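Here's the structure we're looking at; comments come further down.
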Amino acid sequence: MKDVYILAIESSCDETSMAIVKNGCEVVSMVVNTQMDTHANYGGVVPEIASRMHAENITIVLEETLRQAKMKVEDVDAIAVTYAPGLNGSLLVGIECAKVLSLVYNKPLIAVNHLAGHIYANHIDKEMNYPLLALVVSGGHTDLILMHKDYDFKVLGRTLDDAVGECYDKVARVLGLKYPGGPNVERLAKEGHPTYKLPIMMNDGSLNMSFSGLKSAVINLVHNETQRGKQINTSDLACSFENAALGELERKTDLALTKYPVKELIIAGGVSANKHLRGIMEEVSKKHQVKLSVPAFKYCTDNASMIGAAAYPLFLQKKFATYDLNASSHLDLY
Amino acid sequence: MWSLFIDTHYKNIVIVLYKDDNLVDMINKEVKKDHSVFIMPLLQDLLTKNNLTVQDLQAIYVCRGPGSFTGIRLCVTIAKTLAYTLNIPIKSLTSLELVSLGNNAFYLVVKENNGVFIAERKNLDNIKYYSNLEYQEFKKSHEVLENENPLYQEIPLYLKNKQPENPHAVNPLYIKGISGVDDN
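These protein sequences, in sequence, are chains S and D. Position 139 (the first sequence) corresponds to 139 in my numbering; numbering is contiguous. Position 12 (the second sequence) corresponds to 1012 in my numbering; numbering is contiguous.
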């Protein structure tokens, strides 16, 4: 079969990224223009600033992606773009750019869900072995998903309130850590011990999760100790928090694997870059004798390669989008 | 020579087709929301109706704002991507320059959801934002003309002597700050 090259665009949050992906698994080139330093000044992503920076950078990122691949848009077979979920204004920049590329070069347009992208990051440089269990952990999602084949997503459980990544960011704030919270909490946690007692969430037989209680517990603990004039040991608290949060993911993933025999456990989303989580999931997968798949670090955070990987099955199924494609900030994949 | 002007700085989607600097056809459609659903299909329709493809275009004109933040991002992103990929010249004008075409008003006014942008004709680059309340006050002491129907046919001539811009560097003009960030 002829090789399929997809030019993919991702602009759902604070990264302007484009990539050319061959056959859904081989990254020919990838450019990620991150705005992290800008948003760090505000303690989080400012949607309007993110959208402005996408509009400023979009054609520059395109030029660089093509230059690195030594390819022209004429050489690709399709244009893929993230259309949901994400920041509306940011998504729209990528979407309109993708429509123009599709029109000018007469290439099919493929609309990709950002979360499908995170899952398919596990298809880059490797296979996905079905049936599989996917743990999607990011700033917006904490889901356990069962897949029997391509684009067959069955939600087994999910967070009933905050996403685990969001919880990390909030805890980072009360600990006085800079944005992005996740990696900074992880770094601090490594130096500490789990000395603070925090609640165990959703300790039931379901596969649903909850993180807002843990978040509130940390905030209240810091508040109470400060009121009493006591010093917080931030590294110990970061460690206690991480143990509690990752413990929840561990228990529920373990339970899901007990209930649903699969061949592979995959972790996806920004929080999958957390090394402590990777270690825990290695243990869990060993216990259940399933293969563990985690994306390479550069494909954990937002990037266009994963969008190109997720677009490939849609290309084969000829599921193309039309030029009335709109952005959607809250669209569930499943 | 075919050229195209795109403007979505407020409620209307305006796409104008010129042949040798003369207006041949245009779309001017008011859309309440979700402009991105309509712009590219309308652009494609306009070209198809005139038996053209994007490859026939030899210049792009775009209104870079100020106006609706999302609106100006949409038309600028489309215009700069078109110019960059087709490798054709792109020239931009502000929404104040746009509404100055076809009238002699001293003050020019561009509406936005919660206010207006105002500039003096003799100094169109000096654009100020007024909230609706401030604008009501302004109108008491100044004679203004809200020009909803600029002369789109004058755009190619107006931009004739302007040098084409680097498509990478064509960016929306916001003027108004971001609430929560630029306040105080």
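Just so it is clear, CB atoms sit at the ideal spot from N, CA and C, and this is done for glycine as well. All figures in this text were calculated on a predicted structure; none of them were measured in a lab.
Asked, Found
"Beta strand (DSSP E) segment containing N1022/D, residue limits", "1022–1030"
"The stretch 1146–1157 of chain D touching the stretch 1118–1125 of chain D, judged by at least three CB pairs closer than 8 angstroms", "no"
"Environment of N303/S [buried if 16+ CB atoms lie within 10 Å]", "buried"
"Counted within 10 angstroms of its Cβ, other Cβ atoms place M18/S as buried (16 or more) or exposed", "buried"
"Within 8 angstroms, strictly: CB atoms of T82/S and E10/S", "yes"
"Inter-residue Cα distance where the pair is N88/S and G229/S", "44 angstroms"
"CB contact check: G89/S to chain D, cutoff 8 angstroms", "yes"
"Boundaries (first-last residue) of the beta strand (DSSP E) holding I124/S", "Note, I124/S: premise wrong, no beta strand (DSSP E); not H, not E."
"Closest by C-alpha distance to P295/S, when choosing among S90/S, N106/S, N122/S, A84/S", "N122/S"
"Chain-ordered chain B contacts of Y323/S [CB-CB under 8 angstroms]", "Chain labels in this structure do not include chain B; the protein chains are S and D."
"Per-residue burial, K318/S [other beta carbons within 10 Å of its own, 16 or more giving buried]", "exposed"
"Inter-residue spacing [alpha-carbon to alpha-carbon] between E191/S and P131/S", "38 angstroms"
"Members of the stretch 29–43 of chain S that neighbour chain D once the beta carbon cut-off is set at 9 angstroms", "Y42"
"Assigned secondary structure, F1117/D (DSSP; H/G/I helix, E/B strand, else coil)", "strand"
"Rounded C-alpha distance that separates N1113/D from I1039/D", "20 angstroms"
"Local Cβ density within 10 Å of D335/S, reported as buried at 16 or more and exposed below that", "Since the first and last residues shown for chain S are 1 and 334, residue 335/S lies out of range."
"Neighbour-count burial assignment, K99/S, 16 or more Cβ in a 10 Å radius", "buried"
"Pairwise C-alpha distance: G279/S and I267/S", "12 angstroms"
"Span separating the alpha-carbon of K126/S from that of G24/S", "10 angstroms"
"Proximal residues of chain D, C-beta to C-beta of V73/S below 7 angstroms", "T1085"
"With 16 other Cβ atoms within 10 Å as the buried cut-off, status of Y42/S", "exposed"
"Coarse secondary structure for L1046/D, derived from DSSP in three states", "helix"
"Chain S residues whose Cβ lies nearer than 7 angstroms to that of H1168/D", "T59, I60"
"Check whether C1075/D and I1175/D have beta carbons under 8 angstroms apart", "no"
"7 angstroms Cβ shell around N86/S - same chain, five flanking residues per side excluded", "As written in the sequence, residue 86/S is Gly, which differs from the Asn given in the question. S12, C13, H114, S329."
"Chain-order list of residues whose beta-carbon lies under 8 angstroms from that of A40/S (same chain, five-residue window excluded)", "K178, Y179, P180"
"Contact between the stretch 1093–1113 of chain D and the stretch 1150–1165 of chain D (3+ Cβ pairs under 8 angstroms)", "yes"
"Spatial distance of V73/S from I119/S (CA atoms)", "26 angstroms"
"Minimum Cβ-Cβ distance from P1172/D to chain S less than 8 angstroms", "yes"
"Burial state of D978/D (16 or more Cβ within 10 Å)", "As displayed, chain D neither begins before 1001 nor continues past 1184, which places residue 978/D out of reach and without an answer."
"Helix, strand or coil at A1188/D according to DSSP, with G and I counted as helix", "Any answer about residue 1188/D is impossible in this case: the structure gives chain D only from 1001 up to 1184."
"Contacts around G117/S, its chain only, beta-carbon distance under 6 angstroms, and the 5 residues preceding and following it disregarded", "M306, I307, A310"
"Pairwise C-alpha distance: C1063/D and Y105/S", "24 angstroms"
"Pair within 8 angstroms by beta-carbon distance, F315/S and V76/S", "no"
"I1006/D, enclosing alpha helix (DSSP H) - first and last residue", "Element bounds for I1006/D: not the alpha helix (DSSP H) but the beta strand (DSSP E), 1002–1007."
"Under 8 angstroms (Cβ pairs) to chain S, residues found in the stretch 1020–1041 of chain D", "D1034, S1036, V1037, F1038, I1039, M1040, P1041"
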